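Enquirer: Quick one: the structure is below, and I'll ask about it shortly.
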Amino acid sequence: MSGKPSVVDIGEKTPVPRRASASGLLKVPSAVIDIAHSGEVSKGNVKNSAGIAAIMAVKNTPSTLPHCHPIPIEGCDVKWENTPSGLKCLVTVKTTAKTGVEMEALNGVTAALLCAWDMLKPHLKNQKGLYPGVSITEVTVVTKDKGSA
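Written out as structure tokens, the structure is:
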């Protein structure tokens, strides 16, 4: 190992259908969950806007994660669930490629959660402009399939 940055050579691999899902949680007070669920805040519809942020992040993963290959995105689905502790996001990505899409799914879910946080900021800040009790947690790959996407 040289320690220098590189991209894994996938030239000899055969493209196959692939799918990956990632999820994460934006922990917020219960009153803010209701605000997000109602749809509109001053910046617009939280879940719709954050869903668009997820799709953009999925498509642009190689721009922010330099070791990821640019791959064709054949599908991206964003789902939201209100939980007792916050807003849970699930991003599922599909492709037919030589490499998996789990990093795209992770990138999508984190972008969605960051966008939701940004849109909900006026309802999350305290008098000092801080966000007590607010966090992005439980970001993980939920599923990863190869050959059956």
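For the sequence shown, counting from 1, position 94 maps to 93 in numbering that gives the first Met the number 0; every step adds exactly one.
Positions of the beta carbon are idealized from the N, C-alpha and C atoms, including for glycine.
Just so we're clear, the structure is a prediction, and the values are computed from it rather than from any experiment.
In whole angstroms, give me the CA-to-CA distance for residue 137 and residue 14.
Expert: Their backbone Cα atoms lie some 31 Å apart in a straight line.
Enquirer: Between which two residues does the beta strand (DSSP E) containing residue 137 stretch?
Expert: Unbroken beta strand (DSSP E) run through residue 137: 134-145.
Enquirer: Taking its Cβ as the centre, do 16 or more other Cβ atoms sit within 10 Å of residue 20, making it buried, or is it exposed?
Expert: Looking at its Cβ environment, which holds 16 or more other Cβ atoms inside 10 Å, residue 20 is buried.
Enquirer: Should the region 71-78 be called in touch with the region 89-99, which here means at least 3 C-beta pairs below 8 Å?
Expert: These segments touch.
Enquirer: Between residue 42 and the rest of its own chain, which residues show a CB-CB distance below 8 Å, the 5 nearest in sequence each way excluded?
Expert: Result list for residue 42: 48, 117 and 118, in chain order.
Enquirer: For residue 106, which residues does DSSP report across the bridge?
Expert: Answer is none; residue 106 lacks a bridge partner.
Enquirer: I want to know whether the region 58-73 touches the region 129-136 - three or more CB-CB distances under 8 Å.
Expert: These segments do not touch.
Enquirer: Straight-line CA distance for residue 35 to residue 45?
Expert: Those two C-alpha atoms are separated by around 6 Å.
Enquirer: Measuring CB to CB, does residue 108 end up less than 8 Å from residue 23?
Expert: The answer is yes: Cβ separation under 8 Å.
Enquirer: In its own chain, which residues sit with a C-beta less than 8 Å from the C-beta of residue 55, not counting the 5 before and 5 after it?
Expert: Once the five neighbours on either side are set aside, the close Cβ partners of residue 55 are 110.
Enquirer: Are the CB atoms of residue 114 and residue 52 within a distance shorter than 8 Å?
Expert: Going by C-beta atoms, residue 52 is nearer than 8 Å to residue 114.
Enquirer: DSSP three-state call for residue 76: helix, strand or coil?
Expert: Strand at residue 76.
Enquirer: Nearest-angstrom Cα distance between residue 141 and residue 7?
Expert: If you take the alpha carbons of residue 141 and residue 7, they lie about 24 Å apart.
Enquirer: Determine which residues share a DSSP beta bridge with residue 19 and list them.
Expert: Beta-bridge pairing links residue 19 to 92 and 143.
Enquirer: Considering Cα atoms alone, identify which of 10, 1 and 4 is closest to residue 98.
Expert: It is 10.
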